[in-house]
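Chains as they are written, first to last, in the working numbering: chain C, -11 to 470; chain D, -11 to 470. We put the beta carbon where it would ideally sit given N, CA and C, even for glycine. The structure under discussion appears below in the form of structure tokens.
2 protein chains.
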Amino acid sequence: MSAQTKEQLSTSESLLADIAIKAQLADYSPVKGCMVIRPYGYAIWERIKSILDQMIKDTGHENCYFPMLVPESFLQKEAEHVEGFAPECAVVTHAGGKELTEKYVLRPTSETIINHMFAKWIESYRDLPMKLNQWANVVRWEMRTRLFMRTSEFLWQEGHTCHSTWDEAQEETLTMLGVYKTLLQDYLAVPVESGKKTESEKFAGAESTYTVEALMRDGKALQAGTSHNLSQNFAKAFGTQFTNENNQLEFAYQTSWGVSTRLIGAVVMGHHDDVGLMLPPEIAPYQVVIIPILKKNKDNSEILEASKVIEQELHALGIRTKLDNRETISQGIKFNEYEQKGVPLRLVVGARDLEQGMLELHRRDTQSKHKEIARKGIAELVAGWLKQIQTDIYNRALEFRAGHTTTVTNLEELAAALDKPGGFARCMWNGDIKLEKILKDKHKATIRCMPDETKLDSSKDPCVLSGKVSGDNTEILIARAY
Amino acid sequence: MSAQTKEQLSTSESLLADIAIKAQLADYSPVKGCMVIRPYGYAIWERIKSILDQMIKDTGHENCYFPMLVPESFLQKEAEHVEGFAPECAVVTHAGGKELTEKYVLRPTSETIINHMFAKWIESYRDLPMKLNQWANVVRWEMRTRLFMRTSEFLWQEGHTCHSTWDEAQEETLTMLGVYKTLLQDYLAVPVESGKKTESEKFAGAESTYTVEALMRDGKALQAGTSHNLSQNFAKAFGTQFTNENNQLEFAYQTSWGVSTRLIGAVVMGHHDDVGLMLPPEIAPYQVVIIPILKKNKDNSEILEASKVIEQELHALGIRTKLDNRETISQGIKFNEYEQKGVPLRLVVGARDLEQGMLELHRRDTQSKHKEIARKGIAELVAGWLKQIQTDIYNRALEFRAGHTTTVTNLEELAAALDKPGGFARCMWNGDIKLEKILKDKHKATIRCMPDETKLDSSKDPCVLSGKVSGDNTEILIARAY
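Right, dumping it as structure tokens:
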């Protein structure tokens, strides 16, 4: 990695913290690698959670809750799994004033403890599919942490399902990948490339891992969500068997899938400008802030009353609205605060404007001021603008990604593209893991996925490593990543 | 404690587990003292959570999230607090493959870590009040655990607020006690006695603790929620200061309050009969189950279609409804399953009934079958019945409590009342802690609270301990408790 790249990384790192802390999304905590999620950041999480929770229920899953403590021996039952997670575990050795006879790890993920229960609950094919989800905190002790993107404790949902056939498990894996894609694109306004991970990048214990990869404005890719086909790996480790329709015992086929508070990081690093955060209306805790222009030491009751009526009109159309009527804080400071917080629209209510039936609107995404907006029908107008802003923010991110995706045909082009413009490098690959070693050692980059939506032609485009054209080559996306 | 009492206790203990496991609310886990909350139990928790969350927001609080790990040194900053909680703590000593230089405890409650952040965030009276809440898991390593009532890990909400005056903190403490009372009585249909705890029963670190105490059908009291006025105790320990309007530094006045998954225990032990659980409609995951009478090896499409139309009519009125159209399971088994699960109403759709425009309704609380209910207008009828069931279940619990509350005037009457009828013993008390020692040693009972709603007359009713009448005596409620 060049000195320039290191500097870029550290700039983008402080940028994330700068935006997140100014917007009061989060704060550093006294616990190593852990953050505090402040009310404004948590309100975004609640929006994301409520949208995703409904999608999870609509696809036939039920919520439940399993213990946070996992007996250390459980982790060791699946060989790849323990290798992947043991180094990151936090371990409880004492409790109730005594040393424990069996240590517990704080769940880094719950496949093991859930399989213990699956094995107890599942007897026959009639009990399948069993489709569970849990909203929980997990702990992975990370060397290098960053607000939202990588914290020692984070919040997430983890889905765990059991099926009677491999095909059904595969279908479930892809269904949930699709749910994540919809969540990111339609609500978070973050375009994603979905695809399969390579063997070396898959989840520890999975047969195959699928991912949604987003591109952040610092040119780095972000793994925003993953969905795993576990096949029978955990079922075999935990004895999760069922009697099939032919009365034979079979191991269950399983999936797991999760997204976390990292999604807030995706929003921060996906939608911002020099001023600060820029929230897509769908996940903004409030979509509009109303700021009445108040005069010091004067009677402001009329303007406050008018502002309240406007607030009610917006509420009536289901628009999430905040009226900031604090008299001790100047409007300039308020403007600045809500711009940093990325509130999509600001509605300014001034006395003179109001007399003329006018208001002032300000769009956060374009930072454009619109005077002489008619007071009449304001709620309908705002509803329309919010839809437009949602689309425009998505398209802005899409354009950014288009400008930061480069097709490369050899290692020189690859190296150049990763440095400038940065972002994704798209190429064909013969599957030789030498490439992954070169990426890691020379470029601090990885293969992000084998994308579902391909753009190249295996009969023409050569492998980036060997330079050879072959029908067996696979299209891949390479990037530096969070 | 007499042998008889011991036997009663163990009976009621197995009763709770029996009902909870048959209703598929929860299951035992492989982790000592921890349970798995299964989908049906978790759906009840989601109902309770969504009702209470709205009430918490409506009273001006914001949700947020603090780290689960608390530096061990934090706990030690408040003397009473560490004494109360240290013996129950689970301790993380290793993480990321290394021994930690400072150990962390899994939060038993979050006053300490939140105060660390309060001290950072609060500067002046303009920052106050600061009213936060978090939904989280906590760990208290208990010797003796019981499903829902007392588990080593449990889910809860904990509110934490900072104020500029003691009066405001006291008002907040009582407001949230009132919120809990409303939640329990109006939604969980569990009548409660609200009141103040004695010095020996208050929260470790609080100036005073208020409680809502419910009476379970086994005659034991349950502390269902608590609200604490912390005064300046934690603020002094953590340096949480603000500049007041006179530009002087003052320690903030604080409160904290919480309810947990124990509320599900309150529902189970508050509303059941020999058949199993009996859910109040307000918190039932589904309020009505529709069971079509299906014929083996025949075309059931007509009856299934009719059932779906009824389901839609109920949904349209906002009634949570489940249609059980499984063809492989007999109606008898279905009836039994939903009775054990406590679904308030069962609607049976039979072919012959339907021809005559009739349906069959079954009320879970009274176990009464009602034939020849008109198909027309069924949704409105069901909505009315659900309201009635909610009221009737509450009144049933209220009647039980009335029959299990005994006014006593001396220790002999007290001992007799605690054994038969059990429940609450009401009396006057001169405040001598000798009584608490007698209760503990001889009766395994405690003073549950000094109730807000008093029934006795200090000018006539004597202290249960001294036998003396005095205007300084306080009315108390005594019971054996979970």
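Contact check for Ala192 (chain D) against Glu68 (chain D) passes: the beta carbons are separated by less than 8 Å. Distances from the alpha-carbon of Ser140 (chain C) to those of D:Met438, D:Gln242 and D:Phe54 put D:Phe54 closest. Check the Cα spacing between Lys448 (chain D) and each of D:Met416, D:Lys425, D:Met131 and D:Ile435: the tightest is with D:Met416. For Val79 (chain C), the C-beta contacts it makes with chain D under 8 Å involve Val80, Thr81, His82 and Ala83, in order along the chain. For Ala254 (chain C), the uninterrupted alpha helix (DSSP H) segment begins and ends at Arg250 to Gly258. In terms of Cβ geometry, Arg436 (chain C) and Glu201 (chain C) form a close pair [threshold 8 Å]. Comparing alpha carbon positions, the residue from D:Glu400, D:Gly391, D:Lys443 and D:His148 closest to Ile101 (chain D) is D:His148.
For the segment 137 to 221 of chain C, the continuous beta strand (DSSP E) assignments of 3+ residues that do not extend past its boundaries occur at 141 to 151, 180 to 184, 196 to 203 and 209 to 219, in sequence order.
For Pro27 (chain C), no beta strand (DSSP E) encloses it; the enclosing alpha helix (DSSP H) starts and ends at Pro27 to Asp46. Its chain contains Asn398 as the residues whose beta carbon lies nearer than 7 Å to that of Gly455 (chain D), once the 5 sequence neighbours on both sides are disregarded; these appear in chain order. Beta-bridge pairing by DSSP links Phe230 (chain D) to D:Glu238.
When the alpha-carbon of Leu120 (chain D) is set against those of D:Arg95, D:Glu160 and D:Arg134, the nearest one is in D:Glu160. Counting along the chain, Trp417 (chain C) sits inside no alpha helix (DSSP H); it lies in the beta strand (DSSP E) bounded by residues Phe412 to Trp417. Residue nearest to His104 (chain C) within the set D:Arg114, D:Glu156, D:Ser17 and D:Pro273 is D:Ser17 (criterion: CA-CA distance).
Taking a 10 Å sphere around the C-beta of Pro75 (chain D), we find fewer than 16 other C-beta atoms and assign the residue as exposed. By the CB criterion at 8 Å, Ala272 (chain C) and Pro179 (chain C) fall outside the cutoff. Interface flag for Tyr326 (chain C) against chain D is unset, since no Cβ pair is found closer than 8 Å. At least one beta carbon of chain C lies nearer than 8 Å to the beta carbon of Met105 (chain D). Around the beta carbon of His392 (chain C), a 10 Å sphere encloses 16 or more other beta carbons of the protein chains shown; the residue is thus reported as buried. The straight-line gap separating the alpha-carbon atoms of Ala78 (chain C) and His82 (chain D) is approximately 6 Å. Under the three-state reduction of DSSP output, Tyr92 (chain C) falls in the strand class. Neighbours of Asp15 (chain D) across chain C, judged by C-beta separation under 9 Å: Met105, Lys108 and Trp109. Runs of the alpha helix (DSSP H) spanning 4 or more residues and lying entirely within the segment 353 to 425 of chain C occur at 366 to 391 and 399 to 407, in chain order.
For the pair Ala225 (chain D) and Lys65 (chain D), the CB atoms are nearer than the 8 Å cut-off.
Under the 10 Å beta carbon count, Gly21 (chain C) is surrounded by 16 or more other beta carbons and is classified as buried. Among the CB atoms of chain D, one or more fall inside 8 Å of the CB of Tyr92 (chain C). Under the Cβ criterion (8 Å, minimum of three pairs), the segment 355 to 368 of chain C does not count as touching the segment 403 to 420 of chain C. Chain C places no beta carbon closer than 8 Å to that of Trp144 (chain D), leaving this residue out of the contacts.
The C-beta distance from Gln122 (chain D) to Asn217 (chain D) rounds to 19 Å, too long to fall under 8 Å, and the pair is not in contact. For the pair Glu343 (chain C) and Ala385 (chain C), the Cα-to-Cα distance works out to about 40 Å. Any Cβ of chain D closer than 8 Å to the Cβ of Met56 (chain C) would place that residue at the interface, and such an atom is present. Taking each of C:Pro439, C:Gly345, C:Ile321 and C:Ile44 in turn and checking the Cα distance to Thr197 (chain C), the smallest one comes out for C:Pro439.
What Ile9 (chain C) touches in chain D, judged by beta-carbon distance under 8 Å, is nothing: the nearest beta carbon there is about 12 Å away.
Taking the beta carbon of Glu141 (chain C) as reference, the chain D residues within 8 Å of it are Pro55, Met56 and Leu57, listed in sequence order. Against chain C, the CB of Glu71 (chain D) has no partner CB under 8 Å away; the residue lies outside that interface. Taking a 10 Å sphere around the C-beta of His303 (chain C), we find fewer than 16 other C-beta atoms and assign the residue as exposed.
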